[in-house]
């Protein structure tokens with residue numbers, strides 16, 4: 001009988017064999033070990049058809065940016081006593097007095113913000129500022145709507161408190177402490193970048209962020225834009241799993257780490273989703289085909305990085321297979 005790792009390996013190999021995805025990078029993580037796997041090819045077009053997946057592959061992480069960068073830095077700022085979970089956004093961003101939602105509501109996607117901006121053609125910061133200045137929020141939020149806008153706002157909060165852009169903040173406070181090689185906004189080598197979607201107006205997107213807002217705003221934002229290798233993401237996963245950085249210092253205070261484990265609003269905690277009803281497995285995905293699962297109780301992590309939107313985003317089979325694979329790995333006995 002196959003063990004869970006073998007079962008997961010077989011699932012990914014089958015997705016590649018059926019051309020559901022061109023290739024994949026995945027990792028099994030414990031507090032002391034990182035077991036990286038690579039299979040398939042970078043893509044299905046031109047030179048990428050023959051370019052084998054390796055440890056050097058750099059992925060567009062898409063919404064994993066929300067947990068790796070934005071959530072992590074916001075929680076650090078809470079530990080630094082610069083803000084609290086109950087701080088109103090209007091206290092920090094005084095130009096938006098209408099933003100009466102809290103840090104916690106944005107982290108858990110319960111601020112009643114829209115999922116995204118309606119029209120993203122010719123998108124710029126004026127559009128963002130106009131929206132934020134005019135949006136009216138329900139005083140008592142009642143639902144969860146996964147919102148990119150909420151994480152754009154959290155990015156602005158970080159920039160305001162750290163008095164620098166997000167790339168500088170994340171590098172200083174998170175990435176430089178993780179011993180990562182590539183993790184950041186933008187790629188260190190276009191040659192190693194994994195291609196994403198083919199779009200009519202842009203052609204093949206490679207080495208630049210796929211997310212339309214992040215690309216058009218031409219500055220780091222809190223909702224998407226980070227790139228990394230598999231091993232970079234594994235180092236981050238170890239830090240969250242153990243609440244420890246490589247130098248032995250804590251990632252978050254014990255009380256805040258406990259708050260992550262006890263928060264459950266519509267199956268969401270601070271930044272993360274709960275994969276299970278028992279609140280043991282943190283989970284998050286990115287639109288490009290990226291995902292992280294972390295079992296805090298069993299101290300086990302699973303990362304899967306793909307470019308499932310290559311050459312087109314019309315790929316529902318992958319999404320179904322992925323969630324089933326994560327559930328099998330973490331939740332089945």
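Numbering (the UniProt record's numbering), first residue to last: 1 to 333. Backbone N, C-alpha and C define an ideal beta-carbon position, used for all residues, glycine too.
What are the uninterrupted segments assigned as alpha helix (DSSP H) that are 4 or more residues long and contained completely in the stretch 88-167, given in chain order? 89-92, 103-107, 125-134 and 148-162
Sequence ranges, beta strand (DSSP E) only - wholly within the stretch 184-268, length at least 3: 226-228
Own chain residues within Cβ distance below 7 Å of residue 219, not counting five before or after: 165
Express the C-alpha separation of residue 186 and residue 132 in angstroms, rounding to a whole number. 26 Å
Go ahead and pull the three-state DSSP assignment for residue 273. strand
Where does residue 184 land, buried or exposed, given buried means 16+ other C-beta within 10 angstroms? buried
So if DSSP puts residue 36 in a beta bridge, which residue, or which two residues, is it bridged to? 27
With a Cβ-Cβ cutoff of 8 Å, do residue 147 and residue 158 count as a contact? no
Would you say residue 20 and residue 318 are within 8 Å of each other, going by their C-beta atoms? yes
So the alpha helix (DSSP H) residue 16 belongs to, where does it begin and stop? 4-17
Is the beta carbon of residue 305 sitting closer than 8 Å to the one on residue 230? yes
Option nearest residue 308 by Cα separation, candidates 238, 194 and 203: 194
Expected contact under 8 Å - CB spacing of residue 101 and residue 111 to nearest Å: 4 Å
Drop a sphere of 10 angstroms on the beta-carbon of residue 53, count the other beta-carbons inside from all chains shown, and report buried for 16 or more, exposed for fewer. buried
Range of the contiguous beta strand (DSSP E) that encloses residue 61: It is not in any beta strand (DSSP E) - residue 61 carries neither H nor E in the DSSP assignment.
Quick one: is residue 143 buried, meaning 16 or more other Cβ sit within 10 Å of its Cβ, or exposed? exposed
Which first and last residues belong to the beta strand (DSSP E) in which residue 72 is found? Counting along the chain, residue 72 falls outside any beta strand (DSSP E), though it belongs to the alpha helix (DSSP H) covering 72-79.
Is it true that the CB of residue 106 sits closer than 8 Å to the CB of residue 154? yes
Hey, residue 82 and residue 161: beta-carbon distance below 8 Å or not? yes
Straight-line gap, residue 224 to residue 10 (C-alpha atoms, nearest Å): 30 Å
Going along the chain, which residues of its own chain have a beta-carbon closer than 8 Å to the beta-carbon of residue 103, five neighbours each way excluded? 74, 78, 83, 84, 85, 86, 87, 89, 154 and 157
Go through its chain and collect everything with a Cβ distance to residue 233's Cβ below 6 Å, but skip five positions before and after it. 303
Where do the ends of the alpha helix (DSSP H) carrying residue 48 lie? It is not in any alpha helix (DSSP H) - residue 48 carries neither H nor E in the DSSP assignment.
Identify, in the order they occur along the chain, each residue of the same chain with its Cβ nearer than 7 Å to the Cβ of residue 30, setting aside the five sequence neighbours on each side. 299 and 300
Sub-8 Å separation of residue 173 and residue 261 beta-carbons: no
Which whole-angstrom value describes the C-beta separation of residue 210 and residue 60, a residue pair presumed to lie in contact below a C-beta threshold of 8 Å? 5 Å
Would residue 24 and residue 16 be called neighbours here (beta carbons separated by less than 8 Å)? yes
Three-state class that DSSP yields for residue 85 in the structure shown: coil
Cβ neighbour criterion (16 or more within 10 Å) applied to residue 130: exposed
I'd like to confirm the pairing. Which residues does DSSP put opposite residue 304 in its beta bridges? 26 and 291
Closest by C-alpha distance to residue 337, when choosing among 57, 12, 40 and 28: This structure does not reach residue 337, given that the chain is present from 1 up to 333, and the question cannot be answered.
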